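Residue numbers (our numbering), protein chains in the order written: chain A, 807 to 1081; chain B, 134 to 416; chain C, 530 to 786.
Don't be surprised by glycine CBs; every beta carbon is placed ideally from N, CA and C.
Values in this document were obtained by computation on a predicted structure and should not be read as measured data.
Written below as C-alpha cells is the structure these notes are about.
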Amino acid sequence: MQPDTTRPAPEAMLSVRGLKKVYQTDGGDIEAVRNLTFDLRAGELACLVGPSGSGKTTLLKCISGLMAPTEGEVLLDGKRVSGPPKKMAVVFQEYGRSLFPWMRVRDNVELPLKNQGVPKAERDRLVDEALEAVGLAHVPRSYPWQLSGGMQQRVAIARAIAYQPEVLLMDEPFAAVDAQTRADLEDLIRTVWKKLGVTVLFVTHDIDESVYLGERVIILSSSPTVVQEDIVIDLPDERDQLETRSLPRFTELRHHVYEQIQLAKKGHRPAAATS
Amino acid sequence: MSSVTSDARASGGPVPGAGRGRRPGRGLPVQRLLGVAGILGFLATWELIPRLGIINERFLPPASEVIAALALDFGLTAFWVSVGETMKAWFLGLIIAVSLAVLLGFIIGSSSFLRKATNSTVEFLRPIPSVALIPLAVLLFGVKIESSLMLITYAAFWQVLIQVLYGVADVDMVASNTARTYGLGWMARIRYVVFPTALPYLMTGIRLAATVALVLAITAELVIGSPGLGREIALAQSGGAISGMYALVLATGLIGVLINVLMRFIEKKTLSWHSSVRSEVVV
Amino acid sequence: MKALKTLAYVLALPALLVLAWWASTLGSVNFFVPTPAALVEKFGEVWFGPRFFSDVLPSIARLLIGVVAAIVIGVVGGVLIGSVAWLRALLEPTLEFFRAIPPPVLVPVLILLMGITDSMKIAVIISGCVWPVLLNTIEGVRAVDGVLSDSAHTYGIDGWARVRYLVLPSASPQILAGVRQSLSLGLILMVISEMFASSSGLGFTIVQFQRSFAIPEMWSGIVVLGLLGVAMSFIFQWAERNILRWYHGQKEVENAA
Chain A
807 MQPDTTRPAP EAMLSVRGLK KVYQTDGGDI EAVRNLTFDL RAGELACLVG PSGSGKTTLL
867 KCISGLMAPT EGEVLLDGKR VSGPPKKMAV VFQEYGRSLF PWMRVRDNVE LPLKNQGVPK
927 AERDRLVDEA LEAVGLAHVP RSYPWQLSGG MQQRVAIARA IAYQPEVLLM DEPFAAVDAQ
987 TRADLEDLIR TVWKKLGVTV LFVTHDIDES VYLGERVIIL SSSPTVVQED IVIDLPDERD
1047 QLETRSLPRF TELRHHVYEQ IQLAKKGHRP AAATS
Chain B
134 MSSVTSDARA SGGPVPGAGR GRRPGRGLPV QRLLGVAGIL GFLATWELIP RLGIINERFL
194 PPASEVIAAL ALDFGLTAFW VSVGETMKAW FLGLIIAVSL AVLLGFIIGS SSFLRKATNS
254 TVEFLRPIPS VALIPLAVLL FGVKIESSLM LITYAAFWQV LIQVLYGVAD VDMVASNTAR
314 TYGLGWMARI RYVVFPTALP YLMTGIRLAA TVALVLAITA ELVIGSPGLG REIALAQSGG
374 AISGMYALVL ATGLIGVLIN VLMRFIEKKT LSWHSSVRSE VVV
Chain C
530 MKALKTLAYV LALPALLVLA WWASTLGSVN FFVPTPAALV EKFGEVWFGP RFFSDVLPSI
590 ARLLIGVVAA IVIGVVGGVL IGSVAWLRAL LEPTLEFFRA IPPPVLVPVL ILLMGITDSM
650 KIAVIISGCV WPVLLNTIEG VRAVDGVLSD SAHTYGIDGW ARVRYLVLPS ASPQILAGVR
710 QSLSLGLILM VISEMFASSS GLGFTIVQFQ RSFAIPEMWS GIVVLGLLGV AMSFIFQWAE
770 RNILRWYHGQ KEVENAA
C-alpha cells in the first residue's frame, strides 16, 4: 500500500502521514499499523482511542521517534521525526518505571533541562513552576517511590512541562491510578494545556476520558490499524467533572464513540483511510 | 545506540509493552553461535600471540599445544587421581560445611534471642579470609587432606549459614502461627513450615559455597601442597612443564564450569515445585 | 536502657568466647594456643613497629590498587559489553569460563609471565577480582528497565549522559554485589600471592612465623588478616548503604505493599 502523499495542512504542528508498522517475527510478519494519517493543529488537544491491541502504543512510539515506522513518516512542525525530537515530551503509563528511583523528585524534573545545558537560574525557575503547576511544590526532596501512584504521575507530568515541549504525548497516563486521582489528573491536564498552549496527543482506552478531555477524538480501528473516525468534541471549553459529564451532548458523543469502538472490535473498517 | 535499542524493541513482539523481555525461538541459536564464535576467537588469539612472538612461547605456549597437553592428560591415570583428590576434598569440605551451617542456622534462626546474640560474632568472623588459617592448618595437619578440609569448611560454612539465617527469618509468621494453633510441635514446624521456606535460600547458599569450596581446595593444594590439581600446577610450573601447567589451569576451569552447571541443575530440580517464590539474598 | 540492651547483645557472646579461651589456656601450657594476654602483647610488639611499614602497608596498598583497578576495568568493560547485544552474545561464554577458573591458579601463571614482582601480585588481584564485577555489571546493564530507558531517550538523555544518569545507577545494585565478592577474593589473592612466592608482605610474614614455630606471632598475624577482612567488610557495608539508599528504600516500599 502506498503511503498517503497528501500534503499536511500548513498549520499542522504534528502530522502523521501514511504511517505503517510491520513487526518481523518467527511466525511471519505482523502488521500492527496499516495506514495512519492525521494532523494536529498547534495548540490542539486530541485524544486517540481504540480497542485494546489496536496499535496505540506502536503509533505513539513511532511519533515519539523511539521506533522507526516501516513506511510513511511523522512530521513535527514540518520536520521529519527520525529520533526523539527536542520539542516533544512523553508521559508513559508506567509511572513507577518512568521516573529515576535514585533521584529525588526535584532532580528527576531537572535532569532533562540539565542535560540540555539550561543555565542553573533558568532551570530552577522552570522546575519550581512545573512542580507548582502539578501541585507538588511541597515534596521536592522526596524520592518518587515514597509517593503515591497519582503523585508519581504528577512528577512525570511536571518533568514534561518543565521541558517546555511544543507537543506533549501521553500514553494512557492514568490507566494505573485510582478513579478519584484520575479525575483530578484529567482536570490538571486541561489546566496545564490551556496555560501553556501546548499541543497534546492523549492516548487512552477509556471512552469517557477521551470525550471529557479532548477537543477532538481520533478513533482507531482494530489491528492492522487505520483511522476509523475523527470527530470534533463540541462541548463547552470549560469542563467540569460533574457538569460536563451530565450534559446530554456528552452522553451523545460518548455513545457515538462507544459504538464506533464496538464496530472496530467486530472488525468493521472504514472504506478508505480518512484524514 | 538508537539502532540497537529500536532493534531490540522491534523484536519485542507484535503487542508492544506486552512482549517485553527475551523472546524464545529465534535469536537463541544465533546467540549460541556467537558464543561459540567468541570462544573460537579467543583460542585463535591465544594461538597467535606466541606464534607471532608477542609473548615468548616458553612462557605462553600456543593454544593448540596446551589443548594437546590437556588431551594427553585425559589419558593419564595420574591426572585423574589428582582430579579425584581435589574433588574429594571439595565434596567432603562442602558436606561438612553444609551440615554444620544447616544445623546451626536452623537453631540460631528459629530463636530471635540467639539471632540477636550471635549477630555481632557472625558479622565479625565471616569476613575473616579463610587463607588466614593456612599457617594454622599446616601446623596442625601438614600436607594431609585435613588441611584442605579446614580451609574449605571455614570458607563454605559462612556462605550457607548466612543464607539459612535469612531463609529462616523469612518464614511467614501467619503460617508459623497457624501451624502452632494446630498443635504442631517444634520439630514438625521446622519440617513443614520452616524448612520449605528456607530451602531456596539454602540452595543458593550451597551453590555459592560449592564455588568457594573449589577455590579453597585448589588454594590449599597450591600453597600448602596437599595432594590434588593445585599441587600438580605448582609442580608443573616449578618443573618447567609449561604446557602441562596451562593444561591443568584449563582443567580447573572446566571443573569450575561443571560445578556451576551441576549446582544450577540440582537447584532447579529441588526447587521446581516453587520456582515462583525463589529468592536470593545478595550478601 | 534500650541502647544498653543492644550493647549487651553485641558484646555478650564475644566476651564469653574470649573468657572461654582464657580459661582453657589457664592450666596447662598449650603449644598451639597462646593465652589472650600473650597474643595481645605479641600483636602490639610484632605489628606496630617497622613491620607496619615494610609489610602491612605495602600489602594493603597492593590490595587497594588491585581491587580498584579490577572494579574500574569491570565496570567500564561491563557497561560496554552489556550495552551492545552482539558483543555480549559473543563474549559471555568465554567470560563465564574465565570466571569459573579458581583465581589462585593464576598465581603460578602470572609468576611465569611477570616474574616475582609487585606488579605480578597486583596483576593476580586484578585478574581474579575483575570477573565478578564484570559479569555482574553486564547483567545489571542488560536489566535496565525498558520504560525508563524510553523515558531517558525521549528527553534526549543519550551517550555519556545516559551512562551516567541511567545505566550506572540502574546497574549499581548488581555492580555492588560484584564488588562485594571481589573484595573478599582480593584479600585471599593478596595473601596467596605473598605466601606462594615472596619475601615480604603480610602473607609471607605469617608463613615465616609458622615455619619458625613462632606460634603467638603467627596467631597475631592471623588476627591482623581477620581485622583487615572485618574492616573492609564494614567499610563496604557503609558505602553500600549510602550508595543504595534509594534501592533499599524502594524494596522496603514494595515489600510493604
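Please classify residue i: does DSSP put it in a helix, a strand, or coil?
i, result
"B:R156", "Any answer about B:R156 is weak, because its pLDDT of 42 lies below 50 and its placement is not dependable; what the coordinates show is given next. Correct three-state label for B:R156: coil."
"A:I1037", "strand"
"B:M336", "helix"
"A:Y829", "strand"
"B:I394", "The identity of residue 394 of chain B in the sequence shown is Val, whereas the question assumes Ile. In the structure shown, B:V394 sits in a helix (DSSP, three-state: H, G or I)."
"A:E877", "strand"
"A:R1045", "coil"
"B:L225", "helix"
"B:R191", "coil"
"C:P637", "helix"
"A:T864", "helix"
"C:V605", "helix"
"B:G372", "coil"
"C:M530", "coil"
"A:H944", "coil"
Leaving out five residues on either side along the sequence, give the residues of the same chain with a beta carbon under 6 Å from the beta carbon of residue i.
i, result
"C:L663", "G603, G606, G607"
"A:L917", "none"
"B:L298", "G238, G242"
Find the nearest neighbour of residue i within the set the options, judged by alpha-carbon distance.
i, options, result
"A:L881", "A:E900, A:T831, A:S1029, A:R823", "A:R823"
"C:W551", "C:A544, C:L540, C:T564", "C:T564"
"B:S281", "B:P194, B:L395, B:F224", "B:F224"
"B:A250", "C:Q766, C:A706, C:K534", "C:K534"
"B:L181", "B:S197, B:D206, B:V169, B:G168", "B:S197"
"C:S727", "C:I686, C:V601, C:R628, C:D584", "C:D584"
"B:Y325", "B:A346, B:E365, B:N310, B:E218", "B:N310"
"C:L624", "C:T554, C:E668, C:F581, C:P637", "C:E668"
"B:A201", "B:Y379, B:T254, B:L395, B:L237", "B:Y379"
"A:I1037", "A:I1024, A:S1028, A:E1049", "A:I1024"
"B:G358", "B:L209, B:S215, B:L203, B:I187", "B:S215"
"C:P587", "C:R774, C:V720, C:R740, C:L773", "C:V720"
"B:Q164", "C:I630, C:L592, C:W615", "C:W615"
"B:A350", "B:L273, B:G338, B:I366", "B:I366"
"A:P971", "A:G955, A:L1002, A:S948, A:S1029", "A:L1002"
"C:F742", "C:M761, C:V562, C:F582, C:M643", "C:V562"
Mind checking who residue i pairs with in its DSSP beta bridge?
i, result
"B:F290", "DSSP output for B:F290 lists no bridge partner at all."
"A:G834", "A:T831"
"A:D762", "The structure shown does not extend to residue 762 of chain A, since chain A spans only 807 to 1081, so no value can be given for it."
"A:L977", "Contrary to the premise, residue 977 of chain A reads as Asp rather than Leu in this sequence. DSSP output for A:D977 lists A:V1009 as bridge partner(s)."
"A:K885", "A:L882"
"A:V1023", "A:C853, A:I1037"
"A:M894", "A:V973"
"A:V1032", "A:N841"
For residue i, which residues from the same chain have a beta carbon less than 7 Å from its beta carbon, with the 5 sequence-adjacent residues on both sides left out?
i, result
"C:A567", "P745"
"B:S139", "Here B:S139 scores only 33 on pLDDT, less than 50, and its place in the model should not be relied on; the value that follows carries that caveat. Nothing meets the Cβ criterion."
"C:A598", "I655"
"C:I704", "V604, V662, N665, T666, G669"
"A:D1014", "R1060"
Suppose the cutoff is 8 Å on Cβ atoms and the five residues either side in sequence are ignored; what does the same chain contact list for residue i look like?
i, result
"C:F733", "D584, E723, M724, S727"
"C:Y776", "S701, P702"
"B:G150", "Its pLDDT being 35, under 50, B:G150 is placed unreliably in this model, and the value from its coordinates should be taken loosely. Within the same chain, B:G150 has no close Cβ partners at all."
"B:T286", "G226, I229, A230, L233"
"C:L695", "V673, L677, S678, A681, I686"
"A:G861", "K827, A838, V839, L1026, S1029, P1030, T1031"
CB of residue i to nearest heavy atom of the ligand COA: below 7 Å?
i, result
"B:I366", "As for the ligand COA, it is missing from this structure, which has no ligand bound."
* Residues in the region 542–566 of chain C with C-beta within 9 Å of chain A's C-beta atoms, listed in sequence order? -> none
* chain C contacts made by the region 834–868 of chain A, where a contact means CB separation under 9 Å -> Residues K867.
* Which of the residues in the region 980–992 of chain A, read from start to end, lie with their CB under 9 Å from any CB of chain C? -> none
* Short-range partners of chain A found in the region 684–706 of chain C, where Cβ spacing is below 9 Å -> Y684, G685, I686, D687, A690, Y694, L695, P698, S699, S701
* **Members of the region 169–185 of chain B that neighbour chain C once the beta carbon cut-off is set at 7 Å** => A170, G171, I172, F175
* **Residues in the region 766–780 of chain C having any Cβ partner in chain A nearer than 7 Å** => W775, G778, Q779
* Asked: Closer than 9 Å, Cβ to any Cβ of chain B: which residues of the region 738–753 of chain C, in chain order?
  -> F738, Q739, R740, F742, I744, M747, W748, G750, I751, V752, V753
* Between the region 253–277 of chain B and chain C, which residues of the former have a C-beta closer than 9 Å to a C-beta of the latter? -> Taking 9 Å as the Cβ-Cβ cut-off against chain C, the residues of the region 253–277 of chain B that qualify are S253, T254, E256, F257, L258, R259, P260, I261, P262, S263, V264, A265, L266, I267, P268, L269, V271, L272, L273.
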